[in-house]
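Numbering (the numbering used here), first residue to last: 1 to 401. Here is the structure we will look at.
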């Protein structure tokens, strides 16, 4: 079993997948050395270098990718291309698929379901997304298993390279969102289940494979992420209706959502180096808190903006007018959320910088826990509230709903 786990966590397995898809590592030119390097079809890893990699993995207190960069082994000392793309169709497909796990997706596509389809489905998705992402992020920083090393892997993303790898939260989110929608939608809208299943499998598979293609996760990371997400869904599925009722009707629901998720933000596991994992987790928890409170407020006001008629409803015909209205709602909603994010981020940082007497130009201070946690939580809680409470009412005023 240990040999199988080691095989699935081997970066060479990821590198082979990348080469099969037309992505090849190119040795870069180093300032301190003369000459150039060529395309590497098969990485030249000697027994000594393999031993050094294994030795790095044996010390799990620090991320090996983080240490590698801190020691100056990658990045600033090189120039020139570091990879060659031979299949641009797969390259673009996997980059777009990988983007489904980034903030730009969360702040646009999930709310779009609320604005154009059914707030009930959006609420279900946000609830599951918040839970699986928190579990996945915490597991990363507790298990402390490193991401695949480069070489032999081509790294197409750099922002999260200092994070740990297992499990893949992209795989967890894709699995949870796709299949939560599949299981919840038949209660609300009429559609062919087999078609929905095909779409769910396709989208989640593309996201999972994209994490291998971008070199950000091992096969083991992706498999574990998918299985953990599926397990969480299986364990919670019988209680989805009960939680819906509590979330919308209990007088303690908004208070519990705010206090519990803020508590989880402050008690997030500490690392010995800065990682974007904590900030991303606070973003998710903030959105979850804001949406939970917002949906409760809508229920109390009796304006849930859910589909009218007998459920499940028939999907409306896709006409030119419907497309125009949908696009208009999307643009207005995105502008509202992005504007809210920018205003709240600026205001909260100004208040916190003044409170802790931090110079305004000190951007690195945003990484400090006493600043990062409150500013991100306040910002994204407000974004969630605006999405659930104000945006649909703006649609009504503008004649878009």
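Where a beta carbon is used, it is the ideal one built from N, C-alpha and C, also for glycine. Given the structure is predicted, the values throughout are model-derived calculations rather than measurements.
8 Å Cβ cutoff met for residue i and residue j
i           : j           : result
residue 386 : residue 317 : no
residue 146 : residue 164 : yes
residue 96  : residue 110 : no
residue 288 : residue 130 : yes
residue 13  : residue 297 : no
residue 123 : residue 295 : yes
residue 329 : residue 400 : yes
residue 84  : residue 26  : yes
residue 225 : residue 171 : yes
residue 186 : residue 304 : no
residue 11  : residue 154 : no
residue 132 : residue 176 : yes
residue 232 : residue 181 : no
residue 326 : residue 116 : yes
residue 276 : residue 159 : yes
Straight-line gap, residue i to residue j (C-alpha atoms, nearest Å)
i           : j           : result
residue 140 : residue 174 : 17 Å
residue 18  : residue 223 : 17 Å
residue 338 : residue 346 : 12 Å
residue 234 : residue 395 : 36 Å
residue 94  : residue 156 : 11 Å
residue 271 : residue 281 : 14 Å
residue 67  : residue 373 : Bear in mind that the predicted position of residue 67 carries a pLDDT of just 48, short of 50, making it too unreliable to give a figure here.
residue 71  : residue 207 : Low per-residue confidence applies at residue 71: pLDDT is 39, beneath 50, and the placement is therefore not dependable enough to give any value.
residue 16  : residue 148 : 12 Å
residue 397 : residue 166 : 46 Å
residue 307 : residue 269 : 41 Å
residue 290 : residue 314 : 30 Å
residue 249 : residue 299 : 7 Å
residue 378 : residue 344 : 7 Å
residue 262 : residue 335 : 26 Å
residue 381 : residue 5   : 39 Å
residue 244 : residue 128 : 12 Å
residue 362 : residue 350 : 12 Å
residue 279 : residue 259 : 18 Å
residue 198 : residue 190 : 16 Å
residue 101 : residue 107 : 11 Å
residue 354 : residue 264 : 25 Å
residue 342 : residue 348 : 10 Å
residue 240 : residue 384 : 21 Å
residue 3   : residue 205 : 25 Å
residue 32  : residue 104 : Confidence in residue 32 is poor, its pLDDT being 41 and thus under 50, which makes the residue's placement unreliable; the coordinate value appears in the next sentence. About 39 Å.
residue 236 : residue 251 : 22 Å
residue 1   : residue 7   : 10 Å
residue 114 : residue 266 : 29 Å
residue 324 : residue 200 : 26 Å
residue 230 : residue 356 : 43 Å
residue 82  : residue 371 : 36 Å
residue 150 : residue 364 : 27 Å
residue 43  : residue 283 : The pLDDT assigned to residue 43 is 45, lower than 50, so where the model puts this residue is not dependable, and the model offers no usable value.
residue 209 : residue 238 : 30 Å
residue 393 : residue 112 : 15 Å
First through last residue of the beta strand (DSSP E) which encompasses residue i
i          : result
residue 26 : 23-26
residue 85 : 83-85
Presumed contact (8 Å Cβ cut-off) between residue i and residue j, rounded CB distance
i           : j           : result
residue 213 : residue 21  : 6 Å
residue 293 : residue 254 : 4 Å
residue 188 : residue 301 : Actually they do not touch by this definition, with Cβ atoms about 21 Å apart.
residue 376 : residue 286 : 6 Å
residue 273 : residue 162 : 7 Å
residue 178 : residue 203 : 5 Å
residue 403 : residue 391 : Residue 403 lies beyond the stretch modelled for the chain, which goes from 1 to 401, so this question has no answer here.
Alpha helix (DSSP H) segment containing residue i, residue limits
i           : result
residue 252 : First-last for residue 252: undefined, no H or E at that position.
residue 397 : 391-397
residue 293 : 276-301
residue 3   : 2-8
residue 13  : 11-20
Heavy atom of the ligand HEM within 7 Å of residue i beta-carbon
i           : result
residue 188 : This structure lacks the ligand HEM; in fact it carries no ligand of any kind.
8 Å Cβ cutoff, residue i in contact with chain C
i           : result
residue 395 : Absence of chain C from the displayed structure is noted, only one protein chain being present.
Next item on the list: For the region 153-220, list the alpha helix (DSSP H) runs that are entirely contained and at least 4 residues long, ordered along the chain.
Entry: Those alpha helix (DSSP H) runs which fall completely within the region 153-220 and span 4+ residues are 169-184, 193-213.
Item checked: alpha helix (DSSP H) segments (min. 4 residues) lying fully within the region 91-120 -> As far as the region 91-120 is concerned, its whole alpha helix (DSSP H) runs of at least 4 residues are 103-106, 109-116.
Margin query: For a minimum of 4 consecutive residues, which ranges assigned as the alpha helix (DSSP H) are wholly contained in the region 340-388?
Written below: Correct list: 369-385.
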